[in-house]
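Just so you know, we're using this note's numbering here: the sequence shown kicks off at 21 and counts up by one.
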Amino acid sequence: MSNYPLLSLAIWVPIVAGGIVLLTGGDRNAPLARMLALIGAVLGFLVTIPLWTGFDVTHGGMQFVELHGWIPRFNINYHLGVDGISMLFVLLNAFITIIVVAAGWEVIQNKVAQYMAAFLIMSGLMNGIFSSLDGILFYVFFEASLIPLYLIIGVWGGANRVYAAFKFFLYTLFGSLLFLVAQMYLFFQSGGSFSILDWHKLPIELGPQIWIFLAFLIAFAVKVPMWPVHTWLPDAHVEAPTGGSIVLAAIGLKLGAYGFLRFSLPIVPDAAQELAGLVIALSLIAVVYIGFVALVQADMKKLVAYSSIAHMGFVTLGFFMFSPLAIEGALVQMISHGFVSGAMFFCIGVMYDRVHSRQIADYGGVVNTMPKFAALFMLFSMANAGLPATSGFVGEFMVILAAVKFNFWVAFLAATSLILGAAYSLWMYKRVIFGDVANKHVEELSDVNGREFLILAVLALCTLWMGLHPQPFTDVMHASVNDLLRHVAVSKIQ
21 MSNYPLLSLA
31 IWVPIVAGGI
41 VLLTGGDRNA
51 PLARMLALIG
61 AVLGFLVTIP
71 LWTGFDVTHG
81 GMQFVELHGW
91 IPRFNINYHL
101 GVDGISMLFV
111 LLNAFITIIV
121 VAAGWEVIQN
131 KVAQYMAAFL
141 IMSGLMNGIF
151 SSLDGILFYV
161 FFEASLIPLY
171 LIIGVWGGAN
181 RVYAAFKFFL
191 YTLFGSLLFL
201 VAQMYLFFQS
211 GGSFSILDWH
221 KLPIELGPQI
231 WIFLAFLIAF
241 AVKVPMWPVH
251 TWLPDAHVEA
261 PTGGSIVLAA
271 IGLKLGAYGF
281 LRFSLPIVPD
291 AAQELAGLVI
301 ALSLIAVVYI
311 GFVALVQADM
321 KKLVAYSSIA
331 HMGFVTLGFF
341 MFSPLAIEGA
351 LVQMISHGFV
361 SGAMFFCIGV
371 MYDRVHSRQI
381 ADYGGVVNTM
391 PKFAALFMLF
401 SMANAGLPAT
411 SGFVGEFMVI
421 LAAVKFNFWV
431 AFLAATSLIL
441 GAAYSLWMYK
451 RVIFGDVANK
461 HVEELSDVNG
471 REFLILAVLA
481 LCTLWMGLHP
491 QPFTDVMHAS
501 VNDLLRHVAV
511 SKIQ
């Protein structure tokens with residue numbers, strides 16, 4: 021265990037760096053703002069590395085715990101800690117922050133300091149969500165992280181950006197208010213404690229458990245997003261700048277799924293088992309129906325956005341089968357989706373920066389002018405479809421394997437998504453990349469530059485590393501997942 025406040029550093033280093041970047045002011049200092057943002061993002065990542073190196077994989081409970089009084093009158097504390105589930109997301113988030121700062125290096129030309137600062141501040145707030153062990157602290161970070169993303173979509177987005185930003189904000193805010201009401205109930209039931217770990221031990225009757233579960237479900241389902249509250253996501257993705265899409269897909273969607281594991285399963289386990297069928301049904305609809313929706317999209321960003329919903333359907337499906345294999349598979353899928361969807365959105369951004377169109381019909385024969393890009397895009401499209409040896413395969417395989425034990429028809433429906441995933445990913449790839457040069461825009465394309473190649477190469481290595489050697493990831497989460505399932509197995513009805 022470390023004596024340093026590592027989690028506080030993971031939260032506040034990016035936020036302070038974001039503040040410093042803001043101080044550079046207008047666009048005449050843009051080169052300085054970019055440099056400081058990159059330094060801030062790299063420092064933010066470096067302070068999270070000791071979490072990985074110093075983590076005790078045999079211990080399922082919270083590690084690197086920090087506890088300070090915050091609002092003593094209501095027993096609200098600055099209480100941080102990570103287990104084998106949340107620690108991986110702190111690292112993923114810090115890593116993705118470097119990618120988005122590099123992704124916006126040349127593309128963003130106006131309000132550069134504000135753009136970079138928004139990503140750094142959001143990175144710190146999201147680390148706060150993954151490491152909070154106090155309900156109100158979690159809620160503050162959970163809500164505050166909306167603000168930078170709202171600004172990123174609303175200020176630097178596409179033509180319809182204000183509508184998309186509003187829709188994103190209203191959907192997620194509505195869900196969060198129900199979450200706050202559930203927290204108030206738990207506060208009074210537990211005799212005045214906002215500690216999430218105290219809530220894990222709190223006995224609750226089945227009736228109230230079901231209401232709390234439904235409040236949590238709505239709050240987290242909007243974030244994941246699950247069908248039918250998913251409609252904000254394609255709009256938000258299409259309008260967001262490339263960096264915004266990367267963070268939203270790689271980290272933003274994980275917040276809701278993480279909420280299920282930190283709140284729904286351990287706090288209301290009886291209701292979770294009672295209503296597991298509902299969540300599994302909604303997950304399967306997301307996996308199958310949204311897969312078909314992705315198939316007919318004409319806009320590349322919309323296609324990848326819908327594919328994200330289908331991939332996240334796998335995650336919620338895995339959580340509610342209550343087996344270590346399924347939950348670990350779902351967690352691997354979440355981390356893999358962070359690498360793969362981030363890379364897919366970056367690839368689309370690379371083409372958009374050159375042609376200023378996201379329509380599949382405006383491309384064709386890109387391989388002739390951008391061979392290096394085509395090769396890397398091929399890898400990510402394959403990973404998106406779940407090709408063995410890429411990270412996209414590992415999580416889906418584990419969840420399907422667990423589903424076969426759970427119920428054959430659930431597994432059968434889940435497995436159709438692999439076919440659909442291959443269909444929409446590869447059909448998009450074929451139409452955009454292969455064939456003869458379609459028009460003069462494609463003819464004039466230049467291949468990826470050094471910066472773009474480096475970003476894609478790093479993401480490619482992560483995708484392959486996790487696909488070929490997932491064990492370091494599963495070892496870290498194993499004890500914590502078993503710990504979680506022990507909570508779920510014990511009834512809280514007195």
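Note that the Cβ used here is the ideal one computed from N, Cα and C, for glycine as well.
task: Assign P248 to buried or exposed, taking buried as 16 or more other Cβ atoms, counted over all protein chains shown, within 10 Å of its Cβ.
output: exposed
Cβ neighbours of L433 in the same chain (closer than 8 Å, five flanking residues each side left out): Answer for L433: L304, V307, V308, listed in chain order.
message: Can you find the residues in the same chain that come closer than 7 Å, C-beta to C-beta, to T73, ignoring five residues on each side of it along the sequence?
response: none
message: In the DSSP assignment, the beta strand (DSSP E) including L87 goes from what residue to what residue?
response: 83-91
message: At 4 residues or longer, what runs of the alpha helix (DSSP H) sit wholly inside the region 402-484?
response: 411-426, 428-453, 460-463
- prompt: Do L66 and L100 come within 8 Å of each other at the CB atom, strictly closer than that value?
  reply: No, Cβ-Cβ distance for L100 and L66 is not below 8 Å.
query: Quick one: Cα of H250 to Cα of A260, how far?
result: Cα atoms of H250 and A260: separation of roughly 16 Å, rounded to the nearest angstrom.
- request: Would you mind reading off the limits of the alpha helix (DSSP H) that contains A507?
  value: The amino acid at residue 507 is misidentified as Ala; the sequence shows His. 491-509 is the extent of the alpha helix (DSSP H) around H507.
query: Does DSSP classify Y191 as helix, strand or coil?
result: Note: Y191 maps to helix in three-state DSSP.
query: If you follow the beta strand (DSSP E) that G38 is part of, which residue opens it and which one closes it?
result: Not the beta strand (DSSP E): G38 falls in the alpha helix (DSSP H), residues 26-43.
task: Could you please give me the residues that DSSP links to Q379 through a beta bridge?
output: D319
query: Opposite H99 in the DSSP bridges: which residues?
result: L87
- prompt: Between V313 and the rest of its own chain, which residues show a CB-CB distance below 7 Å, the 5 nearest in sequence each way excluded?
  reply: Y326
- prompt: What are the uninterrupted segments assigned as beta strand (DSSP E) that are 3 or more residues long and contained completely in the region 169-226, given in chain order?
  reply: Here no run is fully enclosed.
- prompt: How would you write the range of the alpha helix (DSSP H) that T78 sits in, first residue to last?
  reply: That residue, T78, is in no alpha helix (DSSP H); it is neither H nor E in DSSP.
message: So G264 and K243 are supposed to be a Cβ contact under 8 Å. How far apart are they, rounded?
response: Incorrect: roughly 16 Å between the Cβ atoms, too far for contact.
query: CB-CB under 7 Å to D290, same chain, minus the five flanking residues each way: which ones, in chain order?
result: L226, Q229, S511, K512, I513
query: If you draw a straight line from the alpha carbon of G487 to that of E416, how long is it in whole angstroms?
result: 11 Å
message: Classify K460: buried if its beta carbon has 16 or more other beta carbons within 10 angstroms, exposed otherwise.
response: exposed
- request: Spell out the partners DSSP gives S152 in its beta bridges.
  value: L100
query: In or out: N147 buried (at least 16 other Cβ within 10 Å) or exposed?
result: Label assigned to N147: buried.
message: When you compare the CB positions of T68 and A499, do they come within less than 8 Å of one another, or not?
response: no
message: I need the DSSP call for V242, collapsed to helix, strand or coil.
response: V242: helix per DSSP, three-state reduction.
Collapsed DSSP secondary structure at H331 in the structure displayed: helix
message: Output needed for Y98: all residues of its chain with C-beta closer than 8 Å, excluding positions within five of it in sequence on either side, in chain order.
response: E86, L87, H88, G89, W90, D154, L157
Beta-carbon contacts of A53 that lie in its chain and below 6 Å, excluding the five residues immediately before and after: Excluding residues within five positions, the ones whose Cβ falls inside 6 Å are V41, T44, V132, A133, M136.
message: Quick check on DSSP: helix, strand or coil for E163?
response: helix
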